[in-house]
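Have a look at the structure below before the remarks.
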Amino acid sequence: MFEMLFDPYNYPFWIFIIVILVGAMIVISRPFSTYVKFAYPNAKFEAVGNPFIKEKELNRLFDSKNLHEFKDSLNAMKDYNIIGENTQEIQQSLDDALIQTINLSKKDNSKKMYNFYNTYLDKIDIYIIKNTLKNKLYDEKIDEVIIDRAILPKTKSLLKELITSEKEKIPELLKNYGFGEEVTNAVSNVEIDLLSLDTAIDKYIICMFQKVKVPHNCEQGKNKFIKRMIDIINIKNLLRAKQLSYDEKTCMNLFLGDGQEISSWKYEEMAQTDQVSQIISSLEGTSYFDILKDSIEEYNKEESVQVLENSLDRLFLKFVEDISIQNYVNIGPTIRFLISKEFEIRNLKIIAKSIDENIRLDTINKFFIKEAS
């Protein structure tokens, strides 16, 4: 039998050769088939770009004399169709533009990326749920218009039930909608700890991204994105906690897990410090040290960790750019486009508010999340 298989004058030999060649072609072509599926959307992301995370374009748009001129300039400078007569309406229109852009990008992409886009939309909805939860837990009035701002049908359904539900039934309600034990426990306490609730929500979002399936060869880029996100949130949580004089045990409860550079032992070392400045010193040797060190003077002047959080967001934007370059033929440009688009919309909302309230550029400039030129 083996003699026939290796005898070039017999049919089994050639069948065997053909099977090997076909198998080899499948193995070799698999990565290329993934790259082909990303070729069109990646080229489109590159063409569209995100100009409103660059200083020149932001300053030009800020020169608008009023909201009407701001809308006209924005709609002319890029493919926007912003409407509204006041700041609130314009900001809502900008939020709607973000959702529309994400959905259009999803349609341009491979169907194997749909779950990643759905998870991204879910992330945006969860922030709406979190804010509604806080209002509910503190017996503050909830405007039902929030239901219309939700993207996904399941979120709209949850918000309707959340608004009408008794507070003691909220944990079970959240459990029925798929939220984990940490979130339900955070809203079960008699005294609500908002920092713990924020952390539980962050863990839930990270878990969603970790579970989502992406095409072949995209896992590395996705995982690096998640780990950088974990690092950034871990540092932000600690900065806020130390600003509020939380003890070490409470700080440890805010830990989201190991990130790209901040592992459990490094986080514990930072949690043992007493001041914000000591956390920054503990980060020496990591990618996060320089940008926070350069912001410490402004932090001392403002006495607000928001200054440091904005610096971390700018660094996160740089990390996302690096991920895009390293994974240019697959998921990288998708991640960069989505994150950059979010910051772009945030910048535009800040400009709209500042124009309406006649706030000087040098006052709001520190709140922009800008990409390095």
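Here the sequence shown stands for residues -17 to 355, where the numbers follow the numbering used here.
Where is the CB? At the ideal position from N, CA and C, for every residue including glycine.
Bear in mind the structure is a predicted one, so any value in this text is a computation, not a measurement.
Check	Outcome
For K348, which residues from the same chain have a beta carbon less than 8 Å from its beta carbon, with the 5 sequence-adjacent residues on both sides left out?	E280, V289 and N292
With a CB to CB cut of under 6 Å and the five nearest residues on each side skipped, what residues in its chain are close to F98?	V194 and V196
Please tell me whether I212 and I183 are closer than 9 Å, where the distance is taken between their beta carbons.	no
I'd like the list of long-range same chain contacts for T83, defined as Cβ closer than 8 Å, with 5 residues on each side in sequence excluded.	K323
Taking the CB atoms as reference points, tell me whether I351 and R328 lie closer together than 9 Å.	yes
Taking the alpha-carbon of L156 as reference, which of K112, I174, G31 and L76 has the nearest alpha-carbon?	K112
Of all the alpha helix (DSSP H) runs that stay within the bounds of the stretch 228 to 311, which reach a length of 4 or more residues?	230 to 234, 246 to 253, 258 to 264, 271 to 275, 278 to 284 and 288 to 308
Between which two residues does the alpha helix (DSSP H) carrying G162 extend?	Per DSSP, G162 belongs to no alpha helix (DSSP H) and is neither H nor E.
What residues in its chain sit with their C-beta under 6 Å from that of F44, if we drop five residues either side in the sequence?	I333 and L343
Rounded to the nearest angstrom, how far is the Cβ of I244 from that of N205, given a contact under 8 Å?	15 Å between Cβ atoms; not a contact.
Under a Cβ-count criterion, where at least 16 other Cβ atoms within 10 Å of its own Cβ denotes burial, should L86 be classed as buried or exposed?	exposed
From the DSSP output, in three-state form, read off G66 for me.	coil
Once the 5 residues before and after I273 are set aside, which same chain residues still bring their CB inside 6 Å of it?	S293 and L297
I'd like to know whether the C-beta atoms of K331 and L76 end up nearer to each other than 9 Å.	yes
Got a sec? Which residues, its chain only, sit under 6 Å from E284 by beta carbon, not counting five neighbours each side?	none
K185: which of Q202, Y62 and K209 sits nearest, CA to CA?	K209
How far does the alpha helix (DSSP H) with H198 in it reach, from first residue to last?	Element bounds for H198: n/a, residue is neither H nor E.
In whole angstroms, what is the alpha-carbon distance linking V311 and D107?	29 Å
Given this structure, state the Cα-to-Cα distance separating S170 from K118, to the nearest angstrom.	13 Å
Using only the alpha-carbon positions, how far apart do I10 and N32 sit?	Residue confidence is low: I10 scores 49 on pLDDT, short of 50, so the model does not pin down where it sits. Its coordinate-derived value is still stated next. Cα-Cα distance, rounded: 35 Å.
Taking the alpha carbon of I371 as the reference point, which residue from E150, G160 and S269 has its own alpha carbon closest?	This structure does not reach residue 371, given that the chain is present from -17 up to 355, and the question cannot be answered.
Count the other CB atoms within 10 Å of the CB of V127; is the residue buried (16 or more) or exposed (fewer)?	exposed
Where F14 and L134 are concerned, what is the direct C-alpha to C-alpha distance, given to the nearest angstrom?	Because F14 carries a pLDDT of 46, less than 50, the predicted location of this residue cannot be relied on, and the following value inherits that uncertainty. Each residue's alpha carbon lies about 33 Å from the other.
Start and end of the alpha helix (DSSP H) containing R318?	G314 to D338
Residue range of the alpha helix (DSSP H) that Y109 falls in?	Y96 to L119
With a threshold of 7 Å on Cβ separation, who are the neighbours of L176 within its own chain once the five nearest residues in sequence on each side are excluded?	K116
Determine the direct distance from the alpha carbon of T137 to that of E154, and round the result to whole angstroms.	16 Å
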